[in-house]
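Notes follow the structure.
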Amino acid sequence: MEDRLQMDNGMVPHKIVSIHLQKSELEELEQLAQSTEKEAKANNVQLGVPTQGSTFEIVANPEEEAIDCAEGGDQEVQGQKCKLKKADEHHEQLEHLSEKETGSGEHHHLHLSSCHECLELESSTIESVKFASAENIPDLPDDYSGNFEDVGYLAGHLKRVNLTGKPPNILIYVGSDPGKVKFEEVKSVIMECVDINAYTVYQLLEEHVLSVPWVDNALLLVIAASEPISDSVSKQFLVFMTKGGKVLGLSSSFSFGGIQIKNKDELTDTVQALMFSKTKDYEIKLNVLASGKVFKRETEEKLSSVKPLGYLDSTDKDMMVVQLPYGNSGGEAILCQARLEVDVKRLAKRSQDDFNFLKMSNITRYEVLSEILKLLGLSCGLSEVPSLTPLYLLSSDLEVHNIFLEWLGRNVNAEGLIDSSKVSLKFVSSCNAELEIVPSLVPVVTEVEAFSSEYFSLEIYKQNLQTQNLGKVVLFTEVTSTTMNLLDGLMLKVPQEIGLIAIAVQQTQGKGRGGNTWLSPVGAALSTLHITIPLSSELGRRIPFIQHLVSLAVVESVRSIPGYQDIDLRVKWPNDIYYSDLMKLGGVLINSTLTGTTFHVLIGCGFNVNNSNPTICINDLIMEHNKTKNTQLKPLSADCLIARSVTVLEKLINTFQEKGPNGVLPLYYKYWVHSGKQVHLKNDGGPLAWIVGIDDSGFLQVQEEGKDVVTVHPDGNSFDMLRNLIIPKQQ
């Protein structure tokens, strides 16, 4: 269109939306087109059936006020009004001429301004519109350029979006928020719950509620304003629902339909137990931060239209979450006075107990918020798995790097492959767009002078890796299926002096113990390390100890940094990394293969470093420590801690090989969570026993009162490894 598209009656394009049309959708549009074809021919209008690919939708703003700058606006925009008026008068002349030529003044046309006068006005008019749009149009998708296939949008919604111009937008209203601090906070928690590929989130500014046509441009309105909402603004929100809009109220004063908001000052900003009705017969209990307000019915009679969804677990059972319909077009609202939108780590001046209670309910908080959004018709959860990325061969030691390249030259086949039943690696000199990447075949780029990643710094890794062998050669990727499979074809073949480690930013098929899924969000430290252990060595005779040494290495990698010794990271038997004895933030998975007299061990390790959700991470603990101890410790990065963990692990292995279990157990007991704890044997109803320690093979020792010490093994499948224990032998 060359930016010269104008419309009659003084209208200018508001946006042009690119839409990708599939075959099924084209057939639907063809049927719609047939019904208007005769009328179009009568009006001498050429109708074209769109071809598969891209078409466009033009949305214009018919109100002159929305094009002119706001009252008191910039003089530059005010100065464009006469130019806009001149353009409008010119197009009125064109319209009048068109009416004479066609004999009809009823239809309206699009005019591509190729005439001389339009060209003269082109720059000033278009720039004026752009400037005015930037000032007066809220952050709605004026620049939306995706297609429905890309965002995973269902074809069944094509009419709603394409033909009515109602895009998949979520608007967030937080009242006056000039710094966008609260908006970003609410946006973050909403985007953690919904399918990020299906929706876009924008802020609805207070000054735009009554002045711009947002009502038809949103699927959901989130009201999270803490200050009172005026009657005029509330009425506009009700108008939105009369047109089928959905509303989520988060700790706001917005209410309607026989529901009143009652202040309970004693609840303000306190941690309370909330019961949420997930289904008719199933309730979820979680700790939440209360707003200080509750919902009450205006009359004692129960309103059939009001559906309570959540209440305080207290004597009064105050309503905290209610669902209300509105109008006859499917409009509805779910109003909530539990502060589900508040990120726990941003809560200042909270007690340690409050921090712990809220963090322990963090997963459940997201579960409840997701259930609420589903009730409002939104799709929650990802519809698209991240695309796999190539591996990059990196090294902290040039000499070792060259040795590995020489070994590769002798061991890859003619196609540059090292085959494996799990993941075959294809070594290539450079990365190009034609490289095929599938879970079973991954390219490895060997020439990486220009390598860079926002998630991994080779320099930081090198600075913190102080080992003789372990972790010297790095296979790094941003997205892989699981790092546990990447070294499968190399570990039995590569020379023992080559210390291999695979590091990823994200895993699409991460694994935990017992076949459990291992969530792998961005911000976690994810790696698989290859080590070899002689069968006849101290550790080779006690191979289960490896998992204890790895979890201990992660904890020590943080707590051995000067100033970080009081960060409350701990180890939990047999293979978990914990915050105090409250929450898990990492784990270890060991796969070992005995060939001849040597164990080849793959150590899968993942722990949360900079991802506060869904549970807790190391940087959360650092932030909390800074707040309570008035310190200024800096947050840590995954690349730093992976390198430090490998360094500590090599030292622990050397100590174990020299001194046996007694060489490492004092440090292990210093950090473990089980001192003075009891567990049930066999099942939840089994006898209680005190935890004594771990034996020379790494298994847990417990003692019932009046009985001998026994060794127990985990069942390998329980989420809480200490809830169900099996007794294989007695000492």
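Using numbering that gives the first Met the number 0, the first residue of the sequence shown is number 0, and each one after it goes up by one. Glycine included, each C-beta is placed from N, C-alpha and C at the ideal position.
Exposure of residue i, with buried meaning 16 or more beta-carbon neighbours within 10 Å
i    : result
D638 : buried
F147 : Its pLDDT being 33, under 50, F147 is placed unreliably by the model, and nothing is read from it.
G408 : exposed
G376 : exposed
P634 : exposed
Q631 : exposed
V437 : exposed
L485 : buried
Y668 : exposed
L209 : exposed
K471 : buried
T163 : Note that T163 scores a pLDDT of 31, beneath 50, so its modelled location is shaky and nothing firm can be said.
N571 : Here residue 571 is Lys; the residue named in the question, Asn, does not match the sequence. Its Cβ being crowded by 16 or more others within 10 Å, K571 is buried.
Q322 : buried
N135 : At N135 the pLDDT is 32, less than 50, meaning the model places this residue with poor confidence; the figure from the coordinates comes in the next sentence. It counts as buried.
N607 : buried
T527 : buried
Between the CA atoms of residue j and residue i - distance to the nearest angstrom
i    : j    : result
E657 : F475 : 33 Å
Q351 : N361 : 15 Å
R364 : W689 : 34 Å
I542 : V270 : 45 Å
V180 : Q202 : 11 Å
V504 : G257 : 50 Å
V238 : V214 : 8 Å
M359 : V343 : 10 Å
V200 : I171 : 7 Å
E366 : S386 : 26 Å
S328 : N574 : 54 Å
V691 : V672 : 12 Å
P746 : S452 : A query on residue 746 cannot be resolved here, the shown segment of the chain reaching from 0 to 730 and no further.
T482 : S591 : 15 Å
H679 : G330 : 51 Å
K492 : H400 : 16 Å
T445 : V427 : 6 Å
I652 : K292 : 57 Å
R604 : L588 : Residue identity differs from the one stated: residue 604 is Cys in this sequence, not Arg. Looking at the two C-alpha atoms, the distance is approximately 6 Å.
A289 : M318 : 12 Å
M240 : V246 : 7 Å
V566 : I560 : According to the sequence provided, residue 566 is Ile. The question's Val does not apply to it. The straight-line gap from Cα to Cα measures roughly 10 Å.
G697 : Q546 : 9 Å
F655 : L266 : 54 Å
E757 : S419 : With the chain running from 0 to 730 in the structure shown, residue 757 is simply not present.
Q336 : E623 : 26 Å
Beta-carbon proximity of residue i to residue j, cut-off 8 Å
i    : j    : result
G522 : N609 : yes
V188 : L368 : yes
I222 : F182 : no
I641 : A524 : yes
L699 : L620 : no
L372 : V193 : yes
V422 : R338 : no
L424 : G498 : no
L392 : V645 : no
Y460 : S395 : yes
E448 : T388 : no
D312 : L374 : no
Bridge-paired residues (DSSP) for residue i
i    : result
N168 : T199
V221 : I171 and L247
R569 : Y577
I260 : F294
F275 : I283 and G309
I734 : No answer is possible for residue 734: the residues shown for the chain start at 0 and end at 730.
A337 : A289
T527 : A501 and G603
E331 : K245 and P324
V553 : Paired residues: none, contrary to the question.
V493 : Beta-bridge pairing links V493 to no other residue.
M190 : Answer is none; M190 lacks a bridge partner.
H207 : Paired residue(s): none; H207 is not in a bridge.
I532 : F598
- Message: Just to confirm the assignment: which complete alpha helix (DSSP H) runs, minimum length 4, are found wholly within the region 582 to 644?
- Response: 617 to 628
- Query: Counting only runs that start and end within the region 438 to 490, where is the beta strand (DSSP E) found for 3 or more residues in a row?
  - Reply: 440 to 444 and 472 to 479
- Uninterrupted alpha helix (DSSP H) stretches inside the region 361 to 426 (no shorter than 4 residues): 361 to 374 and 397 to 410
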